[in-house]
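Peer 1: Residue numbers (the numbering used here), protein chains in the order written: chain A, 15 to 241; chain B, 15 to 241.
Number of protein chains: 2
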Amino acid sequence: MGARILIVDDEPNILGTVSSLLRSRGYEVFSTMSGRAALESLERDKPDLIVLDLGLPDMDGVDVCRHVREAASLPILVLSARGGEKDKVRALDAGADDYVTKPFGAEELLARIRASLRRVEPAAPASEPLVRGDLVIDRERFRVQRAGEEIRLTPKEFELLTYLAQHPGKVLTHRAILKAIWGVHTADQTEHLRVLVGALRKKIEPTPSSPRYILTEPWVGYRFADL
Amino acid sequence: MGARILIVDDEPNILGTVSSLLRSRGYEVFSTMSGRAALESLERDKPDLIVLDLGLPDMDGVDVCRHVREAASLPILVLSARGGEKDKVRALDAGADDYVTKPFGAEELLARIRASLRRVEPAAPASEPLVRGDLVIDRERFRVQRAGEEIRLTPKEFELLTYLAQHPGKVLTHRAILKAIWGVHTADQTEHLRVLVGALRKKIEPTPSSPRYILTEPWVGYRFADL
DNA sequence: CGGCGCCGTCAGAAAGTCGTAAAGAGTCCA
DNA sequence: TGGACTCTTTACGACTTTCTGACGGCGCCG
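1. Around the C-beta of residue 156/A, are 16 or more other C-beta atoms found within 10 angstroms, so that it is buried, or is it exposed?
2. With a threshold of 8 Å on Cβ separation, who are the neighbours of residue 79/B within its own chain once the five nearest residues in sequence on each side are excluded?
3. Give, in chain order, every residue of the region 222-241 of chain A whose Cβ lies closer than 9 Å to some Cβ of chain B.
4. Please report the residue range of the beta strand (DSSP E) in which residue 229/A lies.
5. Of all Cβ atoms in chain A, is any one closer than 9 Å to the Cβ of residue 139/B?
6. Could you please tell me which residues of the region 90-106 of chain A, in chain order, have their CB closer than 7 Å to any CB of chain B?
7. Which residues of chain B have a Cβ atom closer than 7 Å to the Cβ of residue 74/A, listed in chain order?
8. Three or more C-beta pairs closer than 8 Å, one from the region 114-131 of chain B and one from the region 25-39 of chain B: is that the case here?
9. Give a yes or no on whether the minimum CB-CB distance between residue 214/B and chain A is below 9 Å.
10. Just the chain A side, please: which residues come within less than 7 Å of residue 169/B by C-beta, in chain order?
11. Could you have a look at residue 49/B and say whether DSSP puts it in helix, strand or coil?
12. Pick helix, strand or coil for residue 94/B, following the three-state DSSP scheme.
13. Check for me: the beta strand (DSSP E) holding residue 237/A runs from which residue to which?
14. If you count every other CB in all the chains shown that lies within 10 Å of the CB of residue 171/A, and 16 or more means buried, which is it?
15. Tell me the rounded alpha-carbon separation between residue 137/A and residue 195/A.
16. Run through the DSSP bridge pairs and tell me what residue 113/A is partnered with.
17. With 16 as the cutoff for other CB atoms within 10 Å, does residue 127/B come out buried or exposed?
18. Given this structure, state the Cα-to-Cα distance separating residue 239/B from residue 207/B, to the nearest angstrom.
19. In this structure, how does DSSP classify residue 173/B when only helix, strand and coil are distinguished?
20. Within 10 angstroms of its Cβ, does residue 232/B collect 16 or more other Cβ (buried), or is it exposed?
21. For chain B, find out if any of its Cβ atoms is closer than 9 Å to the Cβ of residue 59/A; answer yes or no.
22. At which residues does the alpha helix (DSSP H) containing residue 187/B begin and terminate?
23. Contact criterion: CB-CB distance below 9 Å. Does residue 3/A meet it with respect to chain B?
24. On the CB-based measure, 16 or more other CB atoms within 10 Å of its CB, does residue 146/A come out buried or exposed?
25. Quick one: Cα of residue 134/B to Cα of residue 88/B, how far?
26. Between the beta-carbon of residue 21/B and the beta-carbon of residue 46/B, is there less than 9 Å?
27. Let me make sure I understand the geometry here. Which of 177/B, 175/B, 75/B, 64/B has the alpha-carbon closest to that of residue 86/B?
28. If you count every other CB in all the chains shown that lies within 10 Å of the CB of residue 61/A, and 16 or more means buried, which is it?
29. So that I know if they touch, is there some Cβ in chain B lying closer than 9 Å to that of residue 113/A?
30. To which residues of the same chain is residue 24/A closer than 8 Å at the C-beta, ignoring the five residues directly before and after it?
31. Name the chain B residues that come within less than 7 Å of residue 119/A, Cβ to Cβ?
32. Which residues in the same chain have their Cβ closer than 8 Å to the Cβ of residue 42/A, if we skip the five residues on either side of it in sequence?
33. Distance cutoff 9 Å, beta carbons only. Does residue 124/A sit that close to anything in chain B?
34. Using 9 Å as the limit for Cβ to Cβ distance, is residue 116/A near chain B?
35. For residue 124/A, tell me which candidate among 116/B, 83/B, 100/B has the shortest Cα-Cα distance.
36. What three-state label does DSSP hand residue 25/A in the structure shown?
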């Protein structure tokens, strides 16, 4: 139930304090003590938020920010002993979402974490069904209907359809789609995308060979028809 | 171009300082001095972000937060003279996205505003279409229109056109163009360029033999007409 | 006039992309 | 354990794009 949080700090003291604090509030906590390990954990553990200490031994904290930003779009909450304005600006512009100077109060940290998480997972205000032509996409129940008839989709197919249908008429590049569905660490896996698009078309298109909904933009990406 | 920001503060001093600071950075600024007026401005001006002072005369700042949250989902950046942990937690849990205590540095405020705005509009460099005469180059959708009619270009053709059209009237050397499109490692492959220019002209020029858009500068390079 | 260098065009070869099918790997559940 | 389902990975034909070399036109200059 609780969100997954990655803590990166080289001081065992703080690491222990913060992680047991978070665990006591029901979060699932992962922790690493270096920037490199943090980037690995990012791929492996798929956290929802990172608490990042800037004073790491192996990498500049700001660089870690940038790498994280490139790899995924999750909130970064920076901890730092340095309260100078320049430090703050540098970190925030590198992709940090919040900047807390030590020493900090436990409740403030928790409140800022809640605020950051709230933005990413806006509770569930979304989830009115998407209606596109005679397709109805119910994001709440993970169901799709065409002309009243139910269509069974796998999770990945559903994700892809939802992502495309959210931006009707707009050309979405292969890169953007890969990032949205697989997360960016994907190097060049456009083959996956081709296969997935094929599977989805076979299910939702009346005539998959001449698609009505999911259109190909050669050399660029795909586009959901503007119905 | 810049985002729309609403400032709510009852001290004319701060209101003036902050609003002229933001204006000088290209934001579109609206300001009110009471909570009630803020909620009205929210509907009327549709700001992208609110900078909210907690010490308002007519309403509790935290209540303003809650009302804003119910009415719309835009970032709220709270300013406050009170730095107590309880105040911060209360505001953040009421829906604030960030909490800055006075006195604060101008650059820090700006950085926090950038960070908040970045989350709302993620990864949208929003490159606007290039318009050159009756040519419209939509870099976002990878499309080109001439006089409203769509023209299909290959990726390389599109890259070349975009590069040239970005510097209208300026002579671009063969070297520069090769570097821009193929990368630096290219030796002297101006033949590619000649072929590519030919293909592009055949598609976008009404009379490819006497080009209107892409002009040849003998012995030097090419130049996009200054329309 | 004839060579030289640059430009534009053409056509075939090489490389890349798209859609599809199908085989292996992993998970979940009875 | 076995079966159903999903995801990943590979392979192939059809097709498009890009590369490459060859050819003629044009202006320049001796």
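Glycine included, each C-beta is placed from N, C-alpha and C at the ideal position. Every value quoted in this text rests on a predicted model; they were computed, and no experiment measured them.
Peer 2: Taking the geometry as given:
1. Walking along the first sequence from the start, residue 156/A turns up at place 142. Residue 156/A comes out exposed.
2. Reading the second sequence from its first residue, position 65 is the one you call residue 79/B. For residue 79/B, where only same-chain residues beyond five positions count, the Cβ hits under 8 Å are 66, 90, 92, 105, 108, 109, 110.
3. Result list: 231, 232, 233, 234, 235, 237.
4. Translated into the one-based positions of the first sequence, residue 229/A becomes position 215. For residue 229/A, the enclosing beta strand (DSSP E) has its first and last residue at 228-231.
5. What you label residue 139/B is simply residue 125 of the second sequence in a count that begins at 1. Residue confidence for residue 139/B is low, a pLDDT of 49 falling below 50, so the modelled location carries little weight; the figure read from the coordinates is stated next. No Cβ of chain A is located within less than 9 Å of the beta carbon of residue 139/B.
6. Going along the region 90-106 of chain A in chain order, one finds 99, 102, 103, 106 with a Cβ nearer than 7 Å to chain B.
7. For the purposes of this step, residue 74/A is taken as the residue at position 60 of the first sequence. Below the 7 Å Cβ cutoff, chain B contributes no neighbours of residue 74/A, its closest Cβ being approximately 18 Å away.
8. Verdict: yes, contact present.
9. Translated into the one-based positions of the second sequence, residue 214/B becomes position 200. For residue 214/B, the answer is no, since every Cβ of chain A falls outside 9 Å of its Cβ.
10. The residue you call residue 169/B lines up with position 155 of the second sequence. Those within 7 Å of residue 169/B in chain A are 233.
11. Taking the second sequence and counting its residues from 1, one reaches residue 49/B at position 35. Per DSSP, reduced to three states, the secondary structure at residue 49/B is helical.
12. Counting from 1 along the second sequence, the entry for residue 94/B is found at position 80. In the structure shown, residue 94/B sits in a strand (DSSP, three-state: E or B).
13. The count along the first sequence starts at 1 and reaches residue 237/A at position 223. Membership of residue 237/A in the beta strand (DSSP E) is indicated by the continuous run 235-238.
14. The residue given as residue 171/A occupies position 157 in the first sequence. Residue 171/A should be labelled buried.
15. Numbered from its first residue, the first sequence carries residue 137/A at position 123. Numbered from its first residue, the first sequence carries residue 195/A at position 181. Note on residue 137/A: pLDDT 48, under 50, position unreliable in the model; no value is reported.
16. The residue labelled residue 113/A in the question sits at position 99 within the first sequence. When beta bridges are read from the DSSP output, residue 113/A appears opposite 92/A.
17. On the second sequence, residue 127/B is found 113 positions in, with the first residue counted as 1. With 16 or more Cβ atoms within 10 Å of its Cβ, residue 127/B is classed as buried.
18. Locating residue 239/B in the second sequence gives position 225, where the first residue counts as 1. Locating residue 207/B in the second sequence gives position 193, where the first residue counts as 1. Rounded to whole angstroms, residue 239/B to residue 207/B spans 18 Å at the Cα level.
19. Translated into positions along the second sequence, residue 173/B becomes position 159. Here residue 173/B sits in helix by DSSP.
20. As a position in the second sequence, residue 232/B is number 218, starting the count at 1. The residue in question, residue 232/B, is exposed, as its Cβ has fewer than 16 Cβ neighbours within 10 Å.
21. Here residue 59/A corresponds to residue number 45 of the first sequence, with the count starting at 1. So, not an interface residue.
22. If you number the second sequence from 1, residue 187/B lands on position 173. Taken as a continuous stretch (DSSP letters only), residue 187/B belongs to no alpha helix (DSSP H), being part of the beta strand (DSSP E) at 185-187.
23. The structure shown does not extend to residue 3/A, since chain A is modelled only from 15 through 241, so no value can be given for it.
24. Position 132 of the first sequence holds residue 146/A. When all chains shown are included, residue 146/A counts as buried.
25. Within the second sequence, numbered from 1, the residue matching residue 134/B stands at position 120. Within the second sequence, numbered from 1, the residue matching residue 88/B stands at position 74. Per the coordinates, the alpha-carbon of residue 134/B lies some 8 Å from the alpha-carbon of residue 88/B.
26. The sequence position of residue 21/B within the second sequence is 7, counting from 1. The sequence position of residue 46/B within the second sequence is 32, counting from 1. A contact, by the Cβ cut-off of 9 Å.
27. Position 72 of the second sequence, counting from 1, holds the residue named residue 86/B. When only C-alpha atoms are compared, the closest one is 64/B.
28. Counted from its first residue, the first sequence places residue 61/A at position 47. With at least 16 other beta carbons inside 10 angstroms of its own, residue 61/A counts as buried.
29. By 1-based counting over the first sequence, the position of residue 113/A is 99. True, the Cβ-Cβ gap to chain B drops below 9 Å.
30. Locating residue 24/A in the first sequence gives position 10, counting from the first residue. Cβ neighbours of residue 24/A beyond the five flanking positions: 47, 48, 67, 69, 70, 71.
31. Here residue 119/A corresponds to residue number 105 of the first sequence, with the count starting at 1. Ordered by position in chain B, the residues that pass the 7 Å Cβ test against residue 119/A are 99.
32. Within the first sequence, residue 42/A is the residue found at index 28, counting from 1. Excluding positions up to five away in sequence, the list reads 16, 17, 18, 19.
33. For this step, residue 124/A is matched to residue 110 along the first sequence. By this cut-off, residue 124/A is an interface position.
34. Against the first sequence, residue 116/A aligns to sequence position 102. Not an interface residue.
35. Counting from 1 along the first sequence, the entry for residue 124/A is found at position 110. When only C-alpha atoms are compared, the closest one is 100/B.
36. Residue numbering aside, residue 25/A sits at position 11 when the first sequence is read from its first letter. Shown here, residue 25/A sits in coil according to DSSP, grouped into three states, outside any helix or strand.
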